[in-house]
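Before any comments, here is the structure.
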């Protein structure tokens, strides 16, 4: 079974530039998560989707971050404009069912460096 | 707001020894406590998890000990091996709250020969 796929794996941009990350979850997984992991820290949830619906985006900085999950499958996370403090690893995870705790399967992440 | 405190930040253990990582939580509504293992360049992967209705869960060389009254839980790795060298994160989850995993800050474990 293929795991969670993320691209790109690495991205270096200058501040104020836009950037986008893509995630393809495990086939059949209804729930998709985007996390941000700062250096030396645990992942922090940015947004959670149940199928196409964003059910928890309370931690998403909506002034510069946006996300979409069209057709309830793959998802894109965008930052515009990027700031120096956005340098982090952006992790995508998926789990098989909606509601309740389920094992979350993480992708390898996209490492973003903002200069 | 940090709701899960993890220690130590880093740990060096000799091969064959016991590695112990501790976590403390604040929110008594948490009812699921997983441990994740993360290798460099990889995403975290679920290692073992426990619910508060039991005080201990063992899977192979990995054991979670849970103390509900103290709001603490710990991961024990028996017969630690160099392949166990990774960063370990504890986490807490509230089934009936915001259904969000809250991670600790991580422990970098190094197993030396």
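Protein chains in written order, with my numbering: chain H, 1 to 115; chain V, 1001 to 1113. Beta carbons: idealized from backbone N, C-alpha and C, even for Gly. Source: prediction; values computed, not measured.
Tell me whether the stretch 65-85 of chain H and the stretch 47-54 of chain H touch, counting them as touching only if at least three CB pairs, one residue from each stretch, are closer than 8 Å. Counting C-beta pairs closer than 8 Å gives three or more between the stretch 65-85 of chain H and the stretch 47-54 of chain H, which meets the contact rule.
Can you have a look at residue 27(H) and say buried or exposed, based on whether 16 or more other CB atoms are within 10 angstroms of its CB? It counts as exposed.
With 16 other CB atoms within 10 Å as the buried threshold, where does residue 1029(V) fall? Residue 1029(V) comes out exposed.
Hey, how far is the Cα of residue 1063(V) from the Cα of residue 18(H)? Cα to Cα, residue 1063(V) sits roughly 44 Å from residue 18(H).
Tell me, which residues are paired with residue 1038(V) by DSSP? Paired residues: 1087(V).
Could you tell me whether any Cβ in chain V is nearer than 8 Å to the Cβ of residue 108(H)? With a threshold of 8 Å between beta carbons, residue 108(H) makes contact with chain V.
Sort 112(H), 41(H) and 85(H) by Cα distance to residue 61(H) and report the nearest one. Nearest to residue 61(H) by alpha-carbon distance, out of 112(H), 41(H) and 85(H), is 85(H).
Contacting positions in the stretch 23-47 of chain H - beta carbon closer than 9 Å to chain V: For the stretch 23-47 of chain H, which is checked against every Cβ of chain V, the residues closer than 9 Å are 33, 35, 37, 40, 41, 42, 43, 44 and 45.
Quick check: the stretch 1016-1025 of chain V against the stretch 1077-1089 of chain V, are at least 3 beta-carbon pairs closer than 8 Å? Taking 8 Å as the limit for Cβ pairs, the verdict is that the stretch 1016-1025 of chain V does touch the stretch 1077-1089 of chain V.
Beta-carbon proximity of residue 1089(V) to residue 1036(V), cut-off 8 Å: In this structure, residue 1036(V) lies closer than 8 Å to residue 1089(V) by Cβ.
Which residues, taken in chain order from the stretch 47-68 of chain H, show a beta carbon closer than 7 Å to some beta carbon of chain V? If the cut-off is 7 Å between Cβ atoms, the stretch 47-68 of chain H has 56 near chain V.
Which ranges does the beta strand (DSSP E) cover as unbroken runs of at least 3 residues, wholly within the stretch 1013-1066 of chain V, from first to last along the chain? Qualifying beta strand (DSSP E) stretches, in chain order: 1019-1025, 1033-1038, 1045-1050 and 1056-1059.
Could you name the residues of the same chain whose beta carbon sits closer than 8 Å to that of residue 1069(V), not counting the 5 residues immediately before and after it, in chain order? Correct list: empty, nothing qualifies.
Would the beta-carbon of residue 43(H) fall within 8 Å of that of residue 91(H)? In this structure, residue 43(H) lies near residue 91(H), with their beta-carbon atoms less than 8 Å apart.
With a CB to CB cut of under 7 Å and the five nearest residues on each side skipped, what residues in its chain are close to residue 12(H)? Hits under 7 Å: 113 and 115.
Could you tell me if residue 104(H) is buried or exposed, where buried requires 16 or more neighbouring beta carbons within 10 angstroms of its beta carbon? By the neighbour-count rule (16 or more Cβ atoms within 10 Å), residue 104(H) is buried.
Buried or exposed, going by whether 16 or more other CB atoms sit within 10 Å of the CB of residue 1111(V)? Around the CB of residue 1111(V), 16 or more other CB atoms lie within 10 Å, so the residue is classed as buried.
Nearest chain H C-beta to residue 1086(V) closer than 8 Å, yes or no? Chain H has no Cβ within less than 8 Å of the Cβ of residue 1086(V).
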